[in-house]
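> Shown below is the structure under consideration.
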Amino acid sequence: MHVRSGLRPSVERGFDGRSLHSLLRTLTVTSAAQNWRQALDAWALPDEIVNSAPQSPWIHPPMLFEVPDQIQPSPSHDRAREVLSPDATVLDVGCGGGIAAFALTPPATHVIGVDDQPEMLVMFSANAAKRGVTCETVEGFWPSVANRTPEADVVTAHHVVYNVADIVPFLRALDDHARDRVVLEMPDHHPLASLSEAWRHFWELERPEDPTSSDLLDVLHEIGIDAYREQWSGPKRVEQNLDQAAHFTRIRLCLPESREDEVREFLDSHQAPAARELTTIWWDPVSRDL
734 MHVRSGLRPS VERGFDGRSL HSLLRTLTVT SAAQNWRQAL DAWALPDEIV NSAPQSPWIH
794 PPMLFEVPDQ IQPSPSHDRA REVLSPDATV LDVGCGGGIA AFALTPPATH VIGVDDQPEM
854 LVMFSANAAK RGVTCETVEG FWPSVANRTP EADVVTAHHV VYNVADIVPF LRALDDHARD
914 RVVLEMPDHH PLASLSEAWR HFWELERPED PTSSDLLDVL HEIGIDAYRE QWSGPKRVEQ
974 NLDQAAHFTR IRLCLPESRE DEVREFLDSH QAPAARELTT IWWDPVSRDL
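Final position of the sequence shown in my numbering is 1023; the numbers increase by one with none missing.
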């Protein structure tokens, strides 16, 4: 299913030289952006739970971001690939090991990875060398590092946006860095929604349901980006075995190591589905004079 949204209005010039489109964008962006931020803020954990945790629950273990030798096709890769020419460049924001970038090599021959975890960038560089692709890496949070990150033909950001409360600068910086296309991939619902039942079981804590991919489209519409959406089912990123799943889940649930066996039993009796509902959102950059 393709949903087109965010059709840009005709541009008229105001008395001060700014476009009417820019003025309208400033006035209308707040509601969807604030809804996005408020929905993500609701995922914050109670202080008493976080303070009792033996370590931070907000983990992204690098081993879960390894790139397979054969990367399976997907709508996200297809939408990026269809605008790539030979010797193209790809910028992968929140790159992890680089699956979004290396799915596009070839035809892309140069990749740029941005991530705030140095160990992810080590993996990214190693995967580039393994594939005979030149690469650059930029350590830090997007869009804070955008001013020292090169532009590219295609910009990708897979499974990142649910970590970004201040979403408008993030999206605009992606748009500013893409010559031909921006491609986002995200679950339809927050990636931690799969743990809602576990939070209820171990802490009697109810977790939110929003935001969703539709909420992100609302933001894009309000900032004047004509985006397309394709919804599809894809495999979940999962741990290698039950022991590893219990370990990481126990950390995410703010539980002590002594309760890892309980978490293992819970996971064993609550088998998660093998697939999840995903959304690909893509657009071609807006004109620089808007």
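C-beta: ideal position from N, C-alpha, C; glycine also.
#1: Out of R997, H1003, S927, T889, state which residue places its alpha-carbon closest to the alpha-carbon of A841.
#2: Cα-Cα, which of A775, N768, A765, N784 is closest to I984?
#3: Could you tell me the distance, in whole angstroms, from the CA atom of P839 to the CA atom of H980?
#4: If contact is defined by three or more beta carbon pairs under 8 Å, each pair taking one atom from either stretch, is the stretch 869-881 in contact with the stretch 785-802?
#5: Given that a residue counts as buried once 16 or more other Cβ atoms are within 10 Å of its Cβ, and exposed if not, what is A885?
#6: If you draw a straight line from the C-alpha of D943 to the C-alpha of L925, how long is it?
#7: E852 and P801: beta carbons closer than 7 Å?
#8: Does the distance from the C-beta atom of M856 to that of G827 stay below 7 Å?
#9: For E869 and I845, which I take to be in contact (beta-carbon distance under 8 Å), what is that distance rounded to the nearest angstrom?
#10: Using CA atoms only, rank isn't needed, just tell me which of V901, P1006, S807, S946 is closest to G957.
#11: Do the CB positions of S966 and A1008 come within less than 7 Å of each other?
#12: Could you tell me the alpha carbon to alpha carbon distance between L975 and Q1004, rounded to whole angstroms?
#13: At which residues does the beta strand (DSSP E) containing L975 begin and terminate?
#14: Quick check: what's the CA-CA separation for Q803 versus R970?
#15: Under 6 Å: does the beta carbon of P989 sit that close to some heavy atom of the ligand HEM?
#16: Mark E918 as exposed unless 16 or more other C-beta atoms lie within 10 angstroms of its C-beta, in which case mark it buried.
#17: Rounded to whole angstroms, what's the CA-CA distance from I1014 to P920? Just pull it up for me.
#18: Using 7 Å as the threshold, is the C-beta distance between S929 and R940 below it?
#19: What does DSSP give as the partner residues of I1014 in its beta bridges?
#20: Tell me the residue span of the beta strand (DSSP E) that contains I845.
#21: Leaving out five residues on either side along the sequence, give the residues of the same chain with a beta carbon under 6 Å from the beta carbon of D1017.
#22: Would you tell me roughly how many angstroms separate the C-alpha atoms of L986 and L950, rounded to the nearest one?
#23: Report all residues from its chain with a CB closer than 7 Å to the CB of R933; omit the five preceding and five following residues, and keep chain order.
#24: Looking at the structure shown, is H922 part of a helix, part of a strand, or coil, going by DSSP?
#25: Per DSSP, what kind of secondary structure is D886 in: helix, strand or coil?
#26: By DSSP's criteria, H891 is part of a beta bridge. Which residues make up the other side?
#27: Does D825 pass the burial test, meaning 16 or more other C-beta atoms within 10 Å, or should it be called exposed?
#28: May I have the straight-line CA-CA distance separating E963 from V816, to the nearest angstrom?
#29: Label D774 either buried or exposed according to how many other C-beta atoms from any shown protein chain fall within 10 Å of its C-beta, with 16 as the threshold for buried.
From the atom records:
#1: Counting from one through the sequence shown, the residue named residue 841 turns up at place 108. Nearest option by C-alpha distance: T889.
#2: By 1-based counting over the sequence shown, the position of residue 984 is 251. Among A775, N768, A765, N784, the Cα nearest to that of I984 belongs to N784.
#3: Here the question's residue 839 lines up with position 106 in the sequence shown. Here the question's residue 980 lines up with position 247 in the sequence shown. Rounded to the nearest whole angstrom, the CA to CA distance from P839 to H980 is 37 Å.
#4: no
#5: Translated into positions along the sequence shown, residue 885 becomes position 152. Per the 10 Å Cβ criterion, buried.
#6: Here residue 943 refers to the residue found at position 210 when the sequence shown is read from its first residue. Here residue 925 refers to the residue found at position 192 when the sequence shown is read from its first residue. D943 and L925: Cα-Cα distance of roughly 11 Å.
#7: Within the sequence shown, numbered from 1, the residue matching residue 852 stands at position 119. Within the sequence shown, numbered from 1, the residue matching residue 801 stands at position 68. Taking 7 Å as the Cβ cut-off, E852 and P801 do not qualify as a contacting pair.
#8: Translated into positions along the sequence shown, residue 856 becomes position 123. Translated into positions along the sequence shown, residue 827 becomes position 94. With respect to G827, M856 sits apart: the two C-beta atoms are not nearer than 7 Å.
#9: Translated into positions along the sequence shown, residue 869 becomes position 136. Translated into positions along the sequence shown, residue 845 becomes position 112. Going by Cβ atoms, the distance from E869 to I845 rounds to 5 Å, so yes, they are a contact pair.
#10: Within the sequence shown, numbered from 1, the residue matching residue 957 stands at position 224. It is V901.
#11: Within the sequence shown, numbered from 1, the residue matching residue 966 stands at position 233. Within the sequence shown, numbered from 1, the residue matching residue 1008 stands at position 275. A distance below 7 Å separates the beta carbons of S966 and A1008.
#12: Sequence index remark: in the sequence shown, residue 975 carries index 242 (1-based). Sequence index remark: in the sequence shown, residue 1004 carries index 271 (1-based). Going by the C-alpha atoms only, they are around 10 Å apart.
#13: Counted from its first residue, the sequence shown places residue 975 at position 242. That residue, L975, is in no beta strand (DSSP E); its alpha helix (DSSP H) goes 975-985.
#14: Stepping through the sequence shown from its first residue, residue 803 is reached at position 70. Stepping through the sequence shown from its first residue, residue 970 is reached at position 237. Cα to Cα, the separation comes out at about 15 Å.
#15: With respect to the ligand HEM, the structure offers nothing, as it holds no ligand at all.
#16: What you label residue 918 is simply residue 185 of the sequence shown in a count that begins at 1. The residue is buried, with at least 16 neighbouring Cβ atoms inside 10 Å.
#17: The count along the sequence shown starts at 1 and reaches residue 1014 at position 281. The count along the sequence shown starts at 1 and reaches residue 920 at position 187. So the two alpha carbons sit approximately 11 Å from each other.
#18: Position 196 of the sequence shown, counting from 1, holds the residue named residue 929. Position 207 of the sequence shown, counting from 1, holds the residue named residue 940. Their beta carbons are under 7 Å apart, which means S929 touches R940 by this criterion.
#19: Here residue 1014 corresponds to residue number 281 of the sequence shown, with the count starting at 1. DSSP output for I1014 lists L917, R962 as bridge partner(s).
#20: Counting from one through the sequence shown, the residue named residue 845 turns up at place 112. 843-848 is the span of the beta strand (DSSP E), which, as asked, contains I845.
#21: Here residue 1017 refers to the residue found at position 284 when the sequence shown is read from its first residue. Within the same chain, D1017 has close Cβ partners R914.
#22: Counted from its first residue, the sequence shown places residue 986 at position 253. Counted from its first residue, the sequence shown places residue 950 at position 217. Straight-line Cα distance between these residues: approximately 30 Å.
#23: For the purposes of this step, residue 933 is identified with residue 200 of the sequence shown, where counting begins at 1. E939.
#24: Counting from one through the sequence shown, the residue named residue 922 turns up at place 189. Assigned with DSSP and collapsed to three states, H922 falls in strand.
#25: By 1-based counting over the sequence shown, the position of residue 886 is 153. D886: strand per DSSP, three-state reduction.
#26: Here residue 891 refers to the residue found at position 158 when the sequence shown is read from its first residue. Paired residue(s): E918.
#27: Within the sequence shown, numbered from 1, the residue matching residue 825 stands at position 92. The residue in question, D825, is buried, as its Cβ has 16 or more Cβ neighbours within 10 Å.
#28: Residue numbering aside, residue 963 sits at position 230 when the sequence shown is read from its first letter. Residue numbering aside, residue 816 sits at position 83 when the sequence shown is read from its first letter. Going by the C-alpha atoms only, they are around 17 Å apart.
#29: Numbered from its first residue, the sequence shown carries residue 774 at position 41. Exposed, because fewer than 16 other Cβ atoms sit within 10 Å of the Cβ of D774.
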